[in-house]
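Residue numbers (my numbering): 1294 to 1640. We treat Cβ as the ideally placed atom computed from N, Cα and C, and that holds for glycine. To start, the structure itself, in structure tokens.
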Ligand SMILES: Cc1cc2nc3c(=O)[nH]c(=O)nc-3n(C[C@H](O)[C@H](O)[C@H](O)COP(=O)(O)O)c2cc1C
């Protein structure tokens, strides 16, 4: 069993990665139902929280059924990070996670996200400030370093552990790599196997199949893996990996009934949480993800994205069920070549 403060996680937990504009409560709900052991909110600006920006506060919404859940914050100012940790504590998440990994220019130029990798002393002070202002376990998510010549994750891991973080998630890329190339798990494995390190180390980057999860578990010895892009449109990835690790066998691919059930769950949650207008609007970008690989699905998609009520959408989903009854799509992975639109564009 893995312990993070008072949180008990099963052996080799599967974590849903924080993802901006993706890992909101409706999406987390479908990932939880399909096997995610722990999840995080998208990153939330510490400055935004303090200004009481409504958008930032809304990102703090968490629901009982998704526990354990962490709230992720970012920022480059010690006082603001401490204050925002105290704000986060008021909504009672299971932990506070600090983002020292976001590569986006507007974040790193403010000395936040992966920008802090260039100043480990500042990283330590920011983390100390968060720890000082909350009783909750504090975890960190970061990258290997700034660039190929400055991969300082070993120093980062030791120093952050020494000041009291409860777990560390490592995305096996540098800031300058953004999302390009393959994640380097050798270095993640080195941190995990450093005899000085005793906190849980979660590996992150490119996990997209049960085989890869098993291979990386065995080869690098990490305490668990964090999965991001492969869960987009495919929350079944969590249970698929779990089943494979336990039995060595593959679960059958999701049927059209399972896919539509997930769409309905996501949509209902979206409506409840965001209200009818925004809930329906924001759901529109998810339909093709869930129905990737279905022949001629574009026709249904273009209808789904024009409808404005749950009932109308539900009727089209019934039609999808009838049309594709018995059809099983190939695994519709997020193609990593597509990268992460919000991050790739940052230079
Ligand atoms: C759309 C998108 C948004 C992301 N937003 C965040 C974020 O808010 N906080 C964070 O720590 N990482 C964020 N990431 C990085 C992911 O958490 C993860 O580290 C990265 O996608 C690599 O994992 P993967 O290969 O499993 O996708 C984001 C990634 C994507 C694709």
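Counted as a single uninterrupted DSSP element, the stretch harbouring residue 1601 is not any alpha helix (DSSP H), since DSSP gives it neither H nor E.
In the three-state scheme derived from DSSP, where H, G and I count as helix and E and B as strand, residue 1390 is classed as strand. Ligand 1 never approaches residue 1471 closely enough for any of its heavy atoms to be under 7 angstroms from the residue's Cβ.
Within the stretch 1358-1419, the runs of beta strand (DSSP E) that reach at least 3 residues and sit entirely inside it are, in chain order, 1362-1367 and 1388-1393. Going by beta carbons, residue 1497 and residue 1474 fall outside the 8 angstroms limit.
Taking every protein chain shown into account, the CB of residue 1330 has 16 or more other CB atoms within 10 angstroms, so this residue is buried. Distances between the C-beta of residue 1497 and the heavy atoms of ligand 1 include at least one below 7 angstroms. Under the 8 angstroms Cβ criterion, the stretch 1568-1575 does not count as touching the stretch 1543-1552, having fewer than three qualifying pairs. Just measuring C-alpha positions, the residue of 1338, 1405, 1400 and 1414 sitting nearest residue 1456 is 1414. Each of 1395, 1423 and 1422 was checked against the Cα of residue 1410, and the nearest Cα belongs to 1395. In the DSSP annotation of this structure, the continuous segment of the beta strand (DSSP E) that includes residue 1462 starts and ends at 1460-1467. Annotated three-state conformation of residue 1435 is strand, per DSSP. With a contact defined as Cβ atoms closer than 8 angstroms, residue 1302 and residue 1294 qualify at about 7 angstroms. Here residue 1513 carries a helix assignment [DSSP, helix/strand/coil]. Secondary-structure assignment with DSSP links residue 1595 through no beta bridge to anything. Nearest to residue 1522 by alpha-carbon distance, out of 1296, 1312 and 1304, is 1312. At least one heavy atom of ligand 1 lies closer than 7 angstroms to the C-beta of residue 1365.
If you check the C-beta of residue 1394 against ligand 1, you find a heavy atom less than 7 angstroms away. Residue 1542 sits in coil when the DSSP states are folded into three classes, being neither helix nor strand. In terms of side-chain proximity, the C-beta atom of residue 1319 is found no nearer than 7 angstroms to any non-hydrogen atom of ligand 1.
Ligand 1 has a heavy atom closer than 7 angstroms to the beta-carbon of residue 1464.
Counting only residues of its own chain and dropping the five nearest sequence neighbours on each side, residue 1350 has a CB closer than 8 angstroms to the CB of 1342. In this structure, DSSP gives residue 1475 a state outside helix and strand, which the three-state scheme calls coil. For residue 1431 against residue 1388, the beta-carbon gap comes to about 7 angstroms, under 8 angstroms, which counts as contact. As the crow flies, the alpha-carbon of residue 1541 is around 43 angstroms from that of residue 1421. The shortest CA-to-CA distance from residue 1304 to any of 1594, 1472, 1561 and 1538 is the one to 1538. With fewer than 16 neighbouring CB atoms inside 10 Å of its own CB, residue 1384 falls in the exposed class. Here the C-alpha atom of residue 1393 lies approximately 21 angstroms from the C-alpha atom of residue 1489. At the C-beta level, residue 1528 and residue 1549 stay beyond 8 angstroms of one another. The beta carbons of residue 1366 and residue 1322 sit no closer together than 8 angstroms.
If you check the C-beta of residue 1520 against ligand 1, you find a heavy atom less than 7 angstroms away. For residue 1592 and residue 1571, the gap between their C-alpha atoms comes out near 23 angstroms. Remark: C-beta atoms of residue 1355 and residue 1319 do not approach each other more closely than 8 angstroms. Of the candidates 1379, 1418, 1434 and 1314, 1434 places its Cα closest to the Cα of residue 1468.
Put simply, the backbone Cα of residue 1332 is about 5 angstroms away from that of residue 1309.
Between residue 1406 and residue 1531, the C-beta gap is not smaller than 8 angstroms, which leaves the two residues out of contact.
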